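Under my numbering, the first residue of the sequence shown is numbered 1292, with each subsequent residue one higher.
Glycine included, every Cβ here is placed at the ideal spot set by N, Cα and C.
The structure displayed is predicted, hence computed values, not measured ones.
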Amino acid sequence: MATDVKQYMRPEAPPIPFCPGCGHRVLLRLILTAIDELKININDTLFVSGIGCAGWIPSPHFNADTLHTTHGRPIAFATGAKMFNPKLTVMVISGDGDLADIGGNHLIHAARRNIDLTVICANNQVYGMTGGQVAATGQKGILTSTTTQGNYYRPFDLCKLVMAAGASYAARYLVTQSALLTNSIKKALQTEGFTFIDAISPCPIQFGRRNWLDTPKDTFRFFEDRCITKEDAEGFSPEELKDKIVTGEFFNGRY
Ligand SMILES: Cc1ncc(C[n+]2csc(CCOP(=O)(O)OP(=O)(O)O)c2C)c(N)n1
């Protein structure tokens, strides 16, 4: 039976602010489902977010301690909270721009130190909240407000990045892979050390609209068509994988 996520939401919070068809709304539900299935006491959990649409996933909606920090700095705040109270389960939920662009150094150094945090990156390849500028995760060729002729640069593979830095867990799933993603969030929460999930969260308004994807369904289909499991990706050449987004669990253990 589907989890009643309302039990984890602050009754006095304003309505969830996401646009119709936003992947962040799906991700919100999956995070709370994982917490419910693990029977984690949400009162012993701190949710930290930065600035951007994704920052509004936990805050002010989750009925727990939430810390809505400055742009690019949620991992720094989360590290401080974890150092002060090591018993706290600390989860960072933020956007790809927040975590991988302005906050990129905090991301790699927290992974290097293997700080016991679970970081969920709501990755829509753009800065959704500020007009759809391309993020460091934007795939080659995508049209955004700052890449009107198509993105020239290749994207960061955030899972490879944090793994190379020393993370304990790294996985990537599209938010519509709901069972796999929920399971992955559960595993990340149960794994000690720096655990990271790249949650591909389509943005129909800032990404879809500029890439000639008329409806939220078209935007989701666009990402579904690009996603390929890591098992299927084996044997593909780098050229064949150029436009693909490889999903799966890439590392689960400790260096
Ligand atoms: C220091 C600073 N620089 C820039 C901004 C403007 N800004 C706010 S959110 C944001 C990007 C958010 O993108 P992302 O983290 O990908 O989240 P999304 O909105 O796509 O969920 C930017 C550039 C800011 N608030 N503070």
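Residue side-chain check: Ser1469 keeps its Cβ at 8 Å or more from all non-hydrogen atoms of ligand 1. Selection Ala1461, Phe1447, His1397 and Gly1371 evaluated against Ser1475 yields Ala1461 as nearest (Cα-Cα).
Within the model, the alpha-carbon separation for Met1382 versus Gly1484 is close to 12 Å. Proximity of the region 1365-1385 to the region 1400-1419 meets the contact definition, three or more beta-carbon pairs being nearer than 8 Å. CA-to-CA, the gap between Phe1527 and Lys1297 works out to about 43 Å. In this structure, Asn1415 has its beta carbon less than 8 Å from a heavy atom of ligand 1. When DSSP states are grouped into helix, strand and coil, Val1296 belongs to the helix group. In chain order, Gln1430, Asp1534, Lys1535 and Ile1536 place their CB closer than 8 Å to the CB of Arg1517, counting only its own chain and leaving out the 5 sequence neighbours on each side. In this structure, the CA atom of Thr1360 is about 26 Å from the CA atom of Leu1465. Per the C-alpha coordinates, the member of Gly1386, Pro1493, Lys1330 and Phe1498 positioned closest to Thr1294 is Lys1330. Collapsing the DSSP output to three states places Ser1469 in a helix.
Per DSSP, reduced to three states, the secondary structure at Asn1334 is helical. Comparing C-alpha distances from Ile1488 to each of Arg1501, Glu1522 and Val1453 shows the shortest one belongs to Val1453.
DSSP places Cys1450 inside the alpha helix (DSSP H), whose first and last residues are Leu1449 to Ala1456. With a cutoff of 9 Å on beta-carbon distance, Pro1349 and Ile1384 are scored as near each other.
Distances from the CA of Ala1458 to each of Ile1393, Thr1520, His1362 and Ala1402 were compared; the closest alpha carbon is that of Ala1402. Of all alpha-carbon atoms in Arg1500, Phe1513, Glu1531 and Ile1342, the one lying nearest the alpha-carbon of Pro1365 is that of Ile1342. Considering only Thr1510, Pro1311 and Trp1347, the residue with the shortest C-alpha distance to Met1300 is Trp1347.
The three-state secondary structure of Cys1344, taken from DSSP, is helix.
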